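Engineer: Starting off with a structure, shown below.
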Amino acid sequence: MAKTPQNKILTLLVSLIIFSSFSLTLAYDHNTFPEKNLGIKQEKLTHLHFYVQDVVSGRNPTAVTVAEAATTNASSVSFGLVTVLDDLLTVGPDPAWKQVGRAQGISVFASQSEVGLLMALNYVFTEGKYNGSTLSVLGRIGINSAVKELPIVGGSGLFRFARGYAQARTYKLNTTSLDAIFEYNVYVLHY
Numbered sequence: 100m101a102k103t104p105q106n107k108i109l110t111l112l113v114s115l116i117i118f119s120s121f122s123l124t125l126a127y128d129h130n131t132f133p134e135k136n137l138g139i140k141q142e143k144l145t146h147l148h149f150y151v152q153d154v155v156s157g158r159n160p161t162a163v164t165v166a167e168a169a170t171t172n173a174s175s176v177s178f179g180l181v182t183v184l185d186d187l188l189t190v191g192p193d194p195a196w197k198q199v200g201r202a203q204g205i206s207v208f209a210s211q212s213e214v215g216l217l218m219a220l221n222y223v224f225t226e227g228k229y230n231g232s233t234l235s236v237l238g239r240i241g242i243n244s245a246v247k248e249l250p251i252v253g254g255s256g257l258f259r260f261a262r263g264y265a266q267a268r269t270y271k272l273n274t275t276s277l278d279a280i281f282e283y284n285v286y287v288l289h290y
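For the sequence shown, the working numbering begins at 100 and goes up steadily by one.
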């Protein structure tokens, strides 16, 4: 029996309806995933205060250059320099104060006109209530800004679904060694 154009259109229409119904069912099921299965509770705002010990000199630096462009040394703003960080987080400005975690990630000198860095960091907490949790930071800072602000784009552990911002101020800078201590105030919404 030969298929007429009407039969072909009818078959196509029935197939389209079945496929659309199946797609709607998948979309409905996807959007109604119970929040309790994700461990989502009441959202809260947490304020964290700590210091980052950025050591670029000496025998045990916590920030090291891993790449640079052929023109980086000729650039007045270090354009193209890439640094990997594993800086200590402490409760006070002295490196001997209690350690609460690490700031691990990369910084890239990404501006050709000013000292501006792209920062991709994880604050990895190793003590207290937030031990094992992380906050993820991704953004740009201007080194010469009095207050450097970075967005919090996620987290893990007690900081799942985190969002917020971190503000940093230079607490101390050794202009000879370029070692620095930054004071951080972090405001994060999480569940």
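Where a beta carbon is used, it is the ideal one built from N, C-alpha and C, also for glycine.
Every value quoted in this text rests on a predicted model; they were computed, and no experiment measured them.
So, are the CB atoms of Leu257 and Tyr229 less than 9 Å apart?
Structural biologist: Yes, they are a contact pair.
Engineer: Can you list, in chain order, the residues of its chain whose CB lies under 6 Å from that of Ser206, leaving out five sequence neighbours each side?
Structural biologist: So the list reads Thr182, Leu216, Met218, once near-sequence residues are dropped.
Engineer: How would you write the range of the beta strand (DSSP E) that Pro250 sits in, first residue to last?
Structural biologist: Here the beta strand (DSSP E) through Pro250 covers 247–255.
Engineer: Spell out a yes or no on whether the segment 186–193 and the segment 231–248 are touching, meaning 3 or more CB-CB pairs, one atom from each, closer than 8 Å.
Structural biologist: Segments in contact, no.
Engineer: Hey, Phe281 and Val199: beta-carbon distance below 9 Å or not?
Structural biologist: Contact flag unset, no.
Engineer: Identify the continuous beta strand (DSSP E) that holds Ala219 and give its terminal residues.
Structural biologist: That run of the beta strand (DSSP E) goes 215–224.
Engineer: In terms of DSSP beta bridges, what is Lys271 paired with?
Structural biologist: BP columns for Lys271 point to Ile280.
Engineer: What are the partner residues of Ser175, as DSSP defines its beta bridges?
Structural biologist: The partner list for Ser175 (beta bridge, DSSP) is empty, contrary to what the question assumes.
Engineer: Considering Cα atoms alone, identify which of Ala162, Glu226, Val252, Glu142 is closest to Asp278.
Structural biologist: If we check each option's Cα against that of Asp278, Ala162 comes out closest.
Engineer: Can you check whether the C-beta of Ile242 is within less than 9 Å of a C-beta belonging to chain C?
Structural biologist: Looking for chain C here will not work: only one protein chain is present.
Engineer: Nearest to Arg262 by alpha carbon, out of Thr269, Leu272, Gly238?
Structural biologist: Closest by alpha carbon: Gly238.
Engineer: Please check the pair Leu180 and Thr171, which I expect to be a contact at CB under 8 Å, by giving their CB distance rounded to whole angstroms.
Structural biologist: Confirmed, Cβ separation roughly 5 Å.
Engineer: CB-CB under 8 Å to Val236, same chain, minus the five flanking residues each way: which ones, in chain order?
Structural biologist: For Val236, where only same-chain residues beyond five positions count, the Cβ hits under 8 Å are Gly204, Met218, Ala219, Leu220, Asn221, Tyr222, Leu249, Pro250, Ile251, Val252, Ala265.
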